[in-house]
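First up is the structure itself, then whatever we jot down about it.
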Amino acid sequence: MARRRTRPGDPAGVLVIDKPSGPTSHDIVALVRRALRMRRVGHTGTLDPLASGVLVICVGEATKLSAYLTESEKGYRCTVRLGQATDTHDATGRVVAEAPVEVEEAAVQEALGHFRGQVTQIPPMYSAIKKGGERLYELARQGKTVEREPRVIHIRSLEMTRFEPPELDLRLVCSKGTYVRTLAHDLGEALGTYGHLESLVRTQVGHFTLEQAVSVEALEAIDSREARDAFLAEHLVPMAEAVAFLPALHLDLKTVRGVRQGRKLQPGELARAGGGGLRPGQLAR
Numbered sequence: 063m064a065r066r067r068t069r070p071g072d073p074a075g076v077l078v079i080d081k082p083s084g085p086t087s088h089d090i091v092a093l094v095r096r097a098l099r100m101r102r103v104g105h106t107g108t109l110d111p112l113a114s115g116v117l118v119i120c121v122g123e124a125t126k127l128s129a130y131l132t133e134s135e136k137g138y139r140c141t142v143r144l145g146q147a148t149d150t151h152d153a154t155g156r157v158v159a160e161a162p163v164e165v166e167e168a169a170v171q172e173a174l175g176h177f178r179g180q181v182t183q184i185p186p187m188y189s190a191i192k193k194g195g196e197r198l199y200e201l202a203r204q205g206k207t208v209e210r211e212p213r214v215i216h217i218r219s220l221e222m223t224r225f226e227p228p229e230l231d232l233r234l235v236c237s238k239g240t241y242v243r244t245l246a247h248d249l250g251e252a253l254g255t256y257g258h259l260e261s262l263v264r265t266q267v268g269h270f271t272l273e274q275a276v277s278v279e280a281l282e283a284i285d286s287r288e289a290r291d292a293f294l295a296e297h298l299v300p301m302a303e304a305v306a307f308l309p310a311l312h313l314d315l316k317t318v319r320g321v322r323q324g325r326k327l328q329p330g331e332l333a334r335a336g337g338g339g340l341r342p343g344q345l346a347r
């Protein structure tokens, strides 16, 4: 069957969804497809089923922006449960080790300092990363453990907002690819005990925030073309606004045509377009 082409006038933009705990990110994408009666829908970064909060969904032509929005920083608030380690590093997993929790608040504050800035993290076995052509979580379900390459991540801010052992609450802003459940696991080890992620809420993806997110109930309530159009008019973020955080380049039509055909901008052209201060590899619009 031939793939349906996007037609002029089809909706194109970004939806900020408040994913509840339980469904997978793919479940939410499927819900958006059904509610909007569109196939061209995708998300910009997976949220584990346990997690809730901001899930950025690209619709129509805006799916072309997905790779750029994926690079954005993420904000979270979470609860860490000390004294127990699980095989998934979160509350959905099997408890594999336990230890007493005898920590002072000052010790936690000191330990958190070691996780700020540029740090390395070993991805958990229960993750979608591929090793030898297989997803790590598939190997983990077979009872296998394989060596994983450490990854460099950046945690721009990390603070404790509640200290009530064995639980504590954290708030953080971090780079893409950060496993907050592994942060909980590693923090437990740094404190001389164990730890896992009890709950997780994603509060932001780049400049998209939880405050602007729409509920899945609002999606499920769409029961007509008119209801769909009203929903999109209220909640769909236009493509230009979705990438407004990127530096803007001002190009003439001839240069735009060349760029679309794969031609690279020369330094002089870049400077004239307003991009003289861009760093190598930096994104612009």
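First residue of the sequence shown? That's 63 in this note's numbering, and the numbers climb one at a time after it. Just so you know, even glycine gets a beta-carbon here, dropped at the ideal spot from N, CA and C. None of these values were measured; they are calculated from a predicted model.
- Looking only at 274, 235, 255 and 231, the smallest Cα-Cα distance to residue 261 is reached by 231.
- Runs of the beta strand (DSSP E) spanning 3 or more residues and lying entirely within the region 190 to 256 occur at 213 to 226 and 229 to 236, in chain order.
- Comparing alpha-carbon positions, the option among 133, 327 and 162 lying closest to residue 268 turns out to be 133.
- Taking C-beta atoms under 8 Å as the contact rule, residue 163 and residue 255 qualify, at a distance of about 5 Å.
- Short of 7 Å from the beta carbon of residue 247, and not among the five residues preceding or following it, lie these beta carbons of its own chain, in chain order: 147, 151, 257 and 258.
- The beta carbon of residue 171 sits closer than 8 Å to the beta carbons of 222 from its chain, once the five residues preceding and following it are set aside; these are given in chain order.
- If you compare the alpha carbons of 98, 287, 93 and 88 with that of residue 107, the shortest gap goes to 88.
- With respect to residue 310, residue 346 sits close: the two C-beta atoms are nearer than 8 Å.
- Counting along the chain, residue 285 sits inside no beta strand (DSSP E), nor does DSSP assign it H or E at all.
- For the options 294, 315 and 234, the alpha carbon positioned closest to that of residue 136 is the one of 234.
- If you look at residue 180, you'll find it in the beta strand (DSSP E) that goes 179 to 183.
- Taking the C-beta atoms as reference points, residue 73 is found no nearer than 8 Å to residue 281.
- About 19 Å separates the CB atoms of residue 184 and residue 156; that is not less than 8 Å, and the two are not in contact.
- Going by C-alpha positions, residue 90 is about 35 Å away from residue 324.
- If you draw a 10 Å sphere on the C-beta of residue 182, you find fewer than 16 other C-beta atoms in it, and that means exposed.
- Scanning its chain for C-beta atoms nearer than 8 Å, with the 5 sequence neighbours on each side dropped, one finds around residue 336 the residues 309, 310, 311 and 312, in chain order.
- Looking at the DSSP output, residue 160 shares a beta bridge with 146.
- In this model, residue 306 and residue 92 are separated by some 27 Å (Cα to Cα).
- Here residue 172 carries a helix assignment [DSSP, helix/strand/coil].
- Residues 78, 116 and 118 of the same chain have their beta carbon placed closer than 7 Å to that of residue 270, with the five preceding and five following residues left out of the count.
- Proximity to residue 243 across 94, 138, 288 and 274 peaks at 138, based on C-alpha coordinates.
- Runs of the alpha helix (DSSP H) lying entirely within the region 91 to 146 and spanning at least 4 residues, in chain order: 128 to 131.
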